[in-house]
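Number of protein chains: 4
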Amino acid sequence: MAQDKSEDAEKLIGKEFKVLDHGFVRLVDFMGDDGAIVQAARVSYGKGTKKVSRDRELIRYLLGHQHTSPFEMVEFKFHVKLPIFVARQWIRHRTANVNEYSGRYSVMKEEFYQPEPGQIRLQSDINKQGRSEQQFPADLQEDFLNHSSDIQKRVYEKYNHYITAGLARELARINLPLSLYTEWYWKIDLHNLLHFLRLRMDPHAQYEIRQYAIVMAEIVKAICPISWEAFEDYILNAQRFSATELRILKATLSGFTRDKSALVAAGLSTLEADEFLDKLEKIRDL
Amino acid sequence: MAQDKSEDAEKLIGKEFKVLDHGFVRLVDFMGDDGAIVQAARVSYGKGTKKVSRDRELIRYLLGHQHTSPFEMVEFKFHVKLPIFVARQWIRHRTANVNEYSGRYSVMKEEFYQPEPGQIRLQSDINKQGRSEQQFPADLQEDFLNHSSDIQKRVYEKYNHYITAGLARELARINLPLSLYTEWYWKIDLHNLLHFLRLRMDPHAQYEIRQYAIVMAEIVKAICPISWEAFEDYILNAQRFSATELRILKATLSGFTRDKSALVAAGLSTLEADEFLDKLEKIRDL
Amino acid sequence: MAQDKSEDAEKLIGKEFKVLDHGFVRLVDFMGDDGAIVQAARVSYGKGTKKVSRDRELIRYLLGHQHTSPFEMVEFKFHVKLPIFVARQWIRHRTANVNEYSGRYSVMKEEFYQPEPGQIRLQSDINKQGRSEQQFPADLQEDFLNHSSDIQKRVYEKYNHYITAGLARELARINLPLSLYTEWYWKIDLHNLLHFLRLRMDPHAQYEIRQYAIVMAEIVKAICPISWEAFEDYILNAQRFSATELRILKATLSGFTRDKSALVAAGLSTLEADEFLDKLEKIRDL
Amino acid sequence: MAQDKSEDAEKLIGKEFKVLDHGFVRLVDFMGDDGAIVQAARVSYGKGTKKVSRDRELIRYLLGHQHTSPFEMVEFKFHVKLPIFVARQWIRHRTANVNEYSGRYSVMKEEFYQPEPGQIRLQSDINKQGRSEQQFPADLQEDFLNHSSDIQKRVYEKYNHYITAGLARELARINLPLSLYTEWYWKIDLHNLLHFLRLRMDPHAQYEIRQYAIVMAEIVKAICPISWEAFEDYILNAQRFSATELRILKATLSGFTRDKSALVAAGLSTLEADEFLDKLEKIRDL
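Protein chains in written order, with our numbering: chain A, 91 to 376; chain B, 91 to 376; chain C, 91 to 376; chain D, 91 to 376.
Printed below as a string of structure tokens:
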């Protein structure tokens, strides 16, 4: 029965994967796997899917052609503990369900993010939004960490003090820093999760959110290995060339082999080989 | 473990519930139940939920106060077979995932909806969008059913003929009637499903889609009995009075008891009794 | 032409409405008004809307019967400056578009929220998520404000220092407090905006976000006065009674007049009077 | 002022563009244009956008890097008349607002789609969902058209007959064919509209919906010419190569010039040239 979770996948449920200094990702539950994608697609395409009979080939076809709806039939629910500045990037993904710990209802715990020294780096000149490969001078790294722990401690003490004195929690918290940890339940379907992972595993994403994405990618890979492989091939490690770029490559690619059997030998299915030749043909027409 | 489905709920999976003459609803899978709502809410409200310690009370509180996000943590996946005119109403609910049988990929099956004679009724004068209680004259009922089966048969024969002759399926189908059955996988979270059910179980909804809603309601009730009971009390059988209506009721309600123990004896929790008195107070202020 | 904005409404565009100590709401643009709702509804209901011929009556009917889609045909775009802890509540409304100032791309400005002394209040015992009516002792109010400005100043100085020293902006910011101001463009349709306003104008919403909601409500009222009036009557000042509450009220309401002309004299339309009597009838059946 | 619509764009409002035999697309209203994208992006990226100072370059950068949120700040509202089988494909795009003519409230008009003879083609062997280039035999084309008009006429006569006899509209309509025209108001933001256009202008989309997409593309192009140009270059006429395809191309591309000035001369900006070289580098590493 499609609804039985494989034993290996089941083992992942409830396991806490550490992320950063105090954070974690924990798979709370999931519904469906590669089989559920195939199951939904076969309803959708009916007898039309018979030819593409093997599951792997079907999943690759769907993902490669952006038939995304069958991937929405798989659902993941995570429990995540993360610094607020990471949560603020994460929440931008709207097609998901979230239940966050509330600082209005409950007292925030004294847990703050401190970067590893090696991650305390200079502003990148190339990537306007990120850090470079070059580390902050060692003394400034130390200074930054000292300042951080000092501020975090001092602000939390005061927070605690005001809470004890009866101040409304919703007000007492307003000076807590963005490095404070929060937690939430987060539920999302596989299609939207892959979109999240593509953006958040990207080298341009902030290092801290990337650590969460990397852990979640491993979970997805364990539960939906065929989808993950297709995602790596068609999306994560693919390259899109703009029309201008293609025009530039045109001359170089013009002599490229049209030998289909060579393409199949190189790892494409016959269907993919046809489509590859079709792409090259389109470049020729630019 | 929260992820273990209760045996009774599990038994529902895969079972085909007949709807209308050829339709059905089949629960393909689900994730979570009443326990998952409580689980998510407790993360959200932390220690704040301790006082509202019992699950039933918490779920009622959440639903009564429109804290809807914990209800999004439960997910249902259905396989549904339904006439196209019903599908066209259904698809208007956008916060759901769907994989429909495609008439471009596959040949449509010869299955059409025919209403039961008793449902063939006159246009309602009151409900501008629906049918009245009064039946169509018996001879016209028969005429309508004969016409329907005649057209359905004739159009399908021609459809089949053109398909056999090689016509593109996407074109051959364009004269098939809205009474044709289609099918789909439909996945939705509990919050949005309850919204769907509220609208589609309503007497103003078309009779045919109501039959589907009624069957799905039974499934929800079996899997999330506490949520369902709260939904019936706070939403389905509740009444909203507009400000103008409340002003009209004001005098009548002005003498109503403020005796809390009487309210508790009548079935409200003490929290609910407070809130009820608060509503009456607000009416007095109008 | 429906697309011409009324002069009064036009005047609102670009005007900055102050909120809290450093925040604002500014209407950047809007599309449609009450007329656009009527326009869309008439396509939807075709000749069926002829009877409900006057615009006001139609809009009231739509809103009162939760025919929400015509209200999605009006769109508002705001520029808002707000403390981060307010932004974190706000962003939970997912059916909206947002472009926020990015602390990874740009240096955050030195602007922090400080509550007015009168708003520095004790935790409420009744409302687990909010503040009570009772003020924090005067000396503690002062202490809180001093601590806030001290921390805000000190943390910003350090932030500035590290930025100048070349630290990546995405890291330098992590200890900035939740009271820091951010800003964004926020676009939403009228249906979802009314939902936002209902939740965020509610006394249970945090005082600070309520100030924004109040200002935006004035803007909506100026642009869509008929919709706003209907919203106040049917939603904001309405009361929903649960089935249990209705059973309790049953005896009291049993003798209520069924005199339709009295109801019309009291302010209901004849259609509304019918529906009101229908609600009372349903209570009788409970 | 950003809110003033350019005169040329304004002229498009209300103009009916014919599509298919009885359909049309009419721009009802819009909010924002290329300027609104730049305006929102500059809030988002603050001073970070100064370097990318020119609007065109900024829009191209945003679209090329899938910074999609600024494109959500532009909104289009269309009035569309379309056959039901097209409407059923169209409605699958969920991030949009729709008000459709209702066959429950109103009598459907006698307007049906008939394909042009040249479009009556054989099922494609390659594209499992579409038609081929080869026409249906001329006699069968004629037969199909005769059958269509015969059925459409006959079913509508009966529909009309039952309506006149008082049958509920919601029932009388169930045998009307999928070729019947319906109409709706449809509102969507530019980001989601471009996604719609990419999928529905694709040669794999059904011919009939493609005709609508082509007309809407012209409208988008007129109102947001810079975005459209970027969309054509980066999305519509771009090619994505999978990791496997890139490995196959690796040897051929290994000798490709790294001469940046040649790339700039060929039409890339210096930023784009860097990114292009970066893509080639990544292929080398596969």
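The beta-carbon is built from N, C-alpha and C at its ideal position, and this holds for glycine as well.
Every value quoted in this text rests on a predicted model; they were computed, and no experiment measured them.
| Query | Result |
| --- | --- |
| So that I know if they touch, is there some Cβ in chain B lying closer than 8 angstroms to that of L257(D)? | yes |
| Is Y271(A) close to chain B, meaning its C-beta is less than 8 angstroms from at least one C-beta of that chain? | no |
| Does the beta-carbon of P223(C) have 16 or more other beta-carbons within 10 angstroms, so that it is buried, or is it exposed? | The amino acid occupying residue 223(C) in the given sequence is Glu; Pro does not appear at that position. It is exposed - the Cβ of E223(C) has fewer than 16 other Cβ atoms within 10 Å. |
| Could you check what DSSP says for Q242(A) in three-state terms: helix, strand or coil? | helix |
| In the DSSP assignment, find the unbroken alpha helix (DSSP H) run with L375(D) in it and report its ends. | Before going further, note that residue 375(D) is Asp rather than Leu in the sequence given. 360–375 is the extent of the alpha helix (DSSP H) around D375(D). |
| Rounding to the nearest angstrom, what Cα-Cα distance links T272(C) and L287(B) in this structure? | 40 angstroms |
| Is it right to say T334(D) is buried, meaning 16 or more other beta carbons lie within 10 angstroms of its own, or is it exposed? | buried |
| Tell me the DSSP secondary structure of V109(B) in three-state form. | strand |
| Run through the region 215–289 of chain C for me and flag every whole beta strand (DSSP E) of 3 or more residues, listed as ranges in chain order. | 221–225, 271–279 |
| Using the three-state DSSP reduction, which class does Q213(A) fall into: helix, strand or coil? | strand |
| For A355(D), which option in L370(A), G357(A), R337(A), D364(A) has the closest C-alpha, if you only look at C-alpha atoms? | R337(A) |
| Taking 8 angstroms as the threshold (beta carbon to beta carbon), is K248(B) in contact with chain D? | yes |
| If you reduce the DSSP assignment to three classes, tell me which class E97(C) lands in. | helix |
| Quick one: does Y302(B) have its CB under 8 angstroms from some CB of chain A? | no |
| Tell me, please, whether the region 115–127 of chain C touches the region 109–129 of chain D by the rule of three or more beta-carbon pairs shorter than 8 angstroms. | yes |
| Only counting runs of 4 or more residues, tell me where the alpha helix (DSSP H) segments fall wholly within the region 143–183 of chain D, in order along the chain. | 145–154, 174–180 |
| Could you tell me the alpha carbon to alpha carbon distance between L230(A) and V197(A), rounded to whole angstroms? | 33 angstroms |
| Using beta carbons (cut-off 8 angstroms, strictly below), is A356(C) in contact with chain B? | yes |
| Under the three-state reduction of DSSP, which class applies to F321(B): helix, strand or coil? | helix |
| Using the three-state DSSP reduction, which class does D119(C) fall into: helix, strand or coil? | strand |
| Strictly under 8 angstroms for the Cβ-Cβ distance: is K372(D) near chain A by that measure? | yes |
| Does chain D have any CB closer than 8 angstroms to the CB of I299(B)? | no |
| Taking the continuous alpha helix (DSSP H) assigned at V197(B), which residues delimit it? | It is not in any alpha helix (DSSP H) - V197(B) carries neither H nor E in the DSSP assignment. |
| Who are A190(D)'s beta bridge partners in DSSP? | The sequence given here places Glu at residue 190(D); Ala does not occur at that position. E190(D) is bridged to W274(D). |
| Note down the Cα distance separating I304(B) from R194(A), rounded to an integer number of angstroms. | 39 angstroms |
| Evaluate S239(C) with the Cβ neighbour count: other Cβ atoms within 10 Å of its Cβ, from every protein chain shown; 16 or more gives buried, anything less gives exposed. | exposed |
| Beta-carbon separation of K372(D) and A363(D) under 8 angstroms? | no |
| Report the neighbours of R211(A) on chain C: residues whose CB is nearer than 7 angstroms to its CB, in chain order. | A258 |
| For H155(B), is the classification buried or exposed, using 16 other Cβ atoms within 10 angstroms of its Cβ as the cut-off for buried? | exposed |
| Is it true that the region 244–264 of chain B meets the region 275–290 of chain D, where meeting means three or more beta-carbon pairs spaced less than 8 angstroms apart? | no |
| Just to confirm before moving on: does the CB-CB distance between L280(B) and I174(B) stay below 8 angstroms? | no |
| Compare the beta carbon distance of A258(C) and R221(A) with 8 angstroms and say whether it is the shorter of the two. | yes |
| I want to see whether chain B comes within less than 8 angstroms of M91(C), judged by CB atoms only; does it? | With a pLDDT of 34 at M91(C), under the threshold of 50, the predicted position of this residue should be treated as unreliable, and no value is reported. |
| To the nearest angstrom, how far is it from the Cα of M163(A) to the Cα of A255(C)? | 49 angstroms |
| For the alpha helix (DSSP H) holding R348(A), just list the boundary residues, first then last. | Counting along the chain, R348(A) falls outside any alpha helix (DSSP H), and DSSP gives it neither H nor E. |
| Taking the alpha carbon of I341(C) as the reference point, which residue from D145(B), F346(B), E100(B) has its own alpha carbon closest? | Residue identity check: residue 341(C) is Ala in the sequence provided, not Ile. Cα-wise, what sits closest to A341(C) is F346(B). |
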